[in-house]
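Just below is one structure, and these are the notes that go with it.
Numbering (our numbering), first residue to last: 589 to 873.
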């Protein structure tokens, strides 16, 4: 017991000492977890929630489920297992919303590009064409372009406003469009209309192909979710019976839960990786 207390004391002193060290600067080109969480929230269209608030909601949901399941089952092991799964629920919900919104926007990006091409063909400057998208473009994407127009009227700095627009869109397709406009602004020339028309045709073809593949492979992901959820639904029903709960209060029951949870996690990740199409990464941040 004394050695364990000494070990915990030494670990505490080490953590306190490490807390005074300055945080290591992120590597160039490396995306931090906070940036990934911010991108995920932006892609889901959730503007009022910060990454810290998302983390707090995960902790809150996990704690609530831990207390409720312990009251129902009187088993710390079962309560902890369901609390761990429940703590991931807010992130899973945001990811689901982000995937759903990306699928919706995939059909809208060609319309955005067409609006830009029409504005350029009508003689508008690039800032004016982008501002017009906020007025006449698809309703789901008007707000970021309206912010661009407000920023540009307030500052007149085109490239900084483009950076804010790209951060607000937080989408790989949006990154490509923004960088194409930036290059056209820097280089100049008369091929911008042709570039936008080519990009619009490419985006339409990509959206059509991906929609067909997602329809065909959707059953694999649904089967993976059903296969993972089934044993835990059975466990939730068994937790209402005291004789079944007693088996999981032992060390052997805890080992069974740990092994089962690990196998479910690995199997789910493998099936999802097999069935889900790869998502385009944001390489033009």
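All C-beta atoms in this analysis are idealised placements derived from N, C-alpha and C, irrespective of residue type, glycine included.
Residue i: which of the options sits nearest, CA to CA?
i: residue 714; options: 756, 662, 744 and 649; result: 744
i: residue 692; options: 848, 719, 632 and 658; result: 632
i: residue 837; options: 671, 661, 621 and 725; result: 661
i: residue 532; options: 822, 854, 853 and 862; result: Residue numbering for the chain in the displayed model covers 589 to 873; residue 532 lies beyond these limits and cannot be assessed.
i: residue 738; options: 727, 753, 725 and 724; result: 753
i: residue 699; options: 684, 831, 637 and 727; result: 727
i: residue 756; options: 634, 620 and 621; result: 634
i: residue 846; options: 655, 630, 791 and 668; result: 668
i: residue 688; options: 802, 723 and 841; result: 802
i: residue 644; options: 679, 658, 663 and 655; result: 679
i: residue 833; options: 659, 718 and 620; result: 659
i: residue 732; options: 850, 762, 849 and 673; result: 762
Rounded to whole angstroms, how far is the Cβ of residue i from the Cβ of residue j, which I believe are closer than 8 angstroms?
i: residue 798; j: residue 694; result: 7 angstroms
i: residue 766; j: residue 750; result: 5 angstroms
i: residue 652; j: residue 682; result: 18 angstroms between Cβ atoms; not a contact.
i: residue 720; j: residue 707; result: 5 angstroms
i: residue 772; j: residue 780; result: 4 angstroms
i: residue 675; j: residue 650; result: 3 angstroms
i: residue 860; j: residue 812; result: 6 angstroms
i: residue 740; j: residue 770; result: With 8 angstroms as the limit, residue 740 and residue 770 do not qualify as a contact, their Cβ atoms being about 14 angstroms apart.
i: residue 697; j: residue 791; result: 5 angstroms
i: residue 703; j: residue 724; result: 6 angstroms
What residues in its chain sit with their C-beta under 6 angstroms from that of residue i, if we drop five residues either side in the sequence?
i: residue 613; result: At residue 613, the pLDDT of 45 sits below 50, so the modelled position is not reliable; the number obtained from the coordinates is stated separately. Excluding residues within five positions, none has a Cβ falling inside 6 angstroms.
i: residue 623; result: none
i: residue 843; result: none
i: residue 852; result: 816
i: residue 795; result: 694 and 695
i: residue 856; result: 812 and 816
i: residue 638; result: none
i: residue 627; result: 758
Near residue i, what residues of its chain come up, given a Cβ to Cβ distance below 8 angstroms and the 5 sequence neighbours on each side ignored?
i: residue 615; result: The predicted model places residue 615 with a pLDDT of 46, which falls under 50 and marks its position as unreliable; any figure quoted below should be read in that light. Closer than 8 angstroms at Cβ, skipping near neighbours: no residue.
i: residue 671; result: 650, 651, 653, 654 and 657
Residues in its own chain within less than 7 angstroms of residue i by CB, not counting five upstream and five downstream?
i: residue 858; result: none
i: residue 841; result: 665 and 835
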